[in-house]
Amino acid sequence: MPRFHKSERVHHIEKILSKEELDTKHVAALEAKSLISWKSPDRVFKARGKKYFVKVALYGIIFILLAIALKEFFLVGVILAVMFVVYVLASHEPMTIEHRVTNMGIISGGKSFLWSELDSFWFDKKGDDHLLIVQTHLRFPSRLIIILNSVSERTLLDILEEHLHYHEGPVHTLFDKWANFLQERINLE
Numbered sequence: 128m129p130r131f132h133k134s135e136r137v138h139h140i141e142k143i144l145s146k147e148e149l150d151t152k153h154v155a156a157l158e159a160k161s162l163i164s165w166k167s168p169d170r171v172f173k174a175r176g177k178k179y180f181v182k183v184a185l186y187g188i189i190f191i192l193l194a195i196a197l198k199e200f201f202l203v204g205v206i207l208a209v210m211f212v213v214y215v216l217a218s219h220e221p222m223t224i225e226h227r228v229t230n231m232g233i234i235s236g237g238k239s240f241l242w243s244e245l246d247s248f249w250f251d252k253k254g255d256d257h258l259l260i261v262q263t264h265l266r267f268p269s270r271l272i273i274i275l276n277s278v279s280e281r282t283l284l285d286i287l288e289e290h291l292h293y294h295e296g297p298v299h300t301l302f303d304k305w306a307n308f309l310q311e312r313i314n315l316e
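For the sequence shown, this note's numbering gives the first residue as 128, with consecutive numbering after it.
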């Protein structure tokens, strides 16, 4: 019989549950025993200065003028909406939420994610923040991004590796590659 290394562990797939059974499991997960818990902001935040907002406005105006020249008036509304979201996210500090790893799954911000709904995980760093990224089998959210500010990666690695596959580095989708490409080319700082 073949033996698997810890990183090659085959995870079982649970049978398909009805919506009522799944909701019951999610409620039970919220009350399950915590293996580890911590509090952190719900998103990565960096205070932005006036220069950042001026650059966002200039890029927005350029794209709006281009959309008008191409007679894509619907696109003007989309660009304005994106500019508004960028302003709100850059000017309002995030809320602090609690994260827990239980014997049934991960609880983040009061929402439970069962082990059967989670696929794999890895650690990443964005600016000064250390992140735990958990890939899910769900349509939304497809990834949980949790900030680690008071818990060690080693502790989480030992706990999560019993249930999920661990990746040494980030797994980049095509969308991630495009976003990184744009971030490198368009510097708003």
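Positions of the beta carbon are idealized from the N, C-alpha and C atoms, including for glycine.
Bear in mind that the values here come from a model prediction, so they are computed numbers and not experimental data.
Could you check how far apart the C-beta atoms of Gly236 and Asp169 are, in whole angstroms? I think they sit under 8 Å.
-> 6 Å
Whole-number beta carbon distance between Thr229 and Glu159, since they are thought to touch under 8 Å = According to the sequence as given, residue 159 is Ala; it is not Glu. Right, their Cβ atoms sit about 4 Å apart.
What residue from Pro221, Ser161, Ile195 and Gly232 has the CA that sits closest to His153's CA?
-> Gly232
Alpha helix (DSSP H) runs wholly inside the stretch 170 to 251, at least 4 long, in chain order = 177 to 196 and 200 to 218
Residues that DSSP places opposite Lys163 in a beta bridge = A small fix is needed here, since residue 163 is Ile in this sequence, not Lys. DSSP, once it has assigned bridges, lists Val228 as partnering Ile163.
Stretch-stretch touch, CB-based, cutoff 8 Å, three pairs: the stretch 205 to 218 with the stretch 244 to 251 = no
Would you please state the rounded distance, in angstroms, between the beta carbons of Ile274 and Asp256? I believe it to be under 8 Å.
-> Between Asp256 and Ile274 the Cβ distance is about 5 Å, and since that is below 8 Å, they are a contact.
Within the stretch 250 to 306, ranges of the beta strand (DSSP E) (whole runs, at least 3 residues) = Fully enclosed beta strand (DSSP E) runs of no fewer than 3 residues occupy 256 to 263 and 270 to 275 of the stretch 250 to 306, in order along the chain.
Other residues of its chain near Thr300: CB distance less than 6 Å, five sequence neighbours each side excluded | none
What's the C-alpha gap between Phe267 and Val183?
-> Each residue's Cα considered, the two are about 28 Å apart.
If we ignore side chains and look at the alpha-carbon of each, how far apart do Ser145 and Val278 end up?
-> 35 Å
Which one of Lys173, Arg227, Lys238 and Lys252 has the shortest CA to CA distance from Arg219?
-> The displayed chain sequence assigns His, not Arg, to residue 219. The residue with the shortest Cα to Cα distance from His219 is Lys173.
What residues in its chain sit with their C-beta under 6 Å from that of Lys166, if we drop five residues either side in the sequence?
-> Thr223 and Glu225
Rounded to whole angstroms, what's the CA-CA distance from Leu75 to Arg270? Just pull it up for me.
-> Coverage of the chain is limited to positions 128 through 316, which leaves residue 75 absent and any answer about it impossible.
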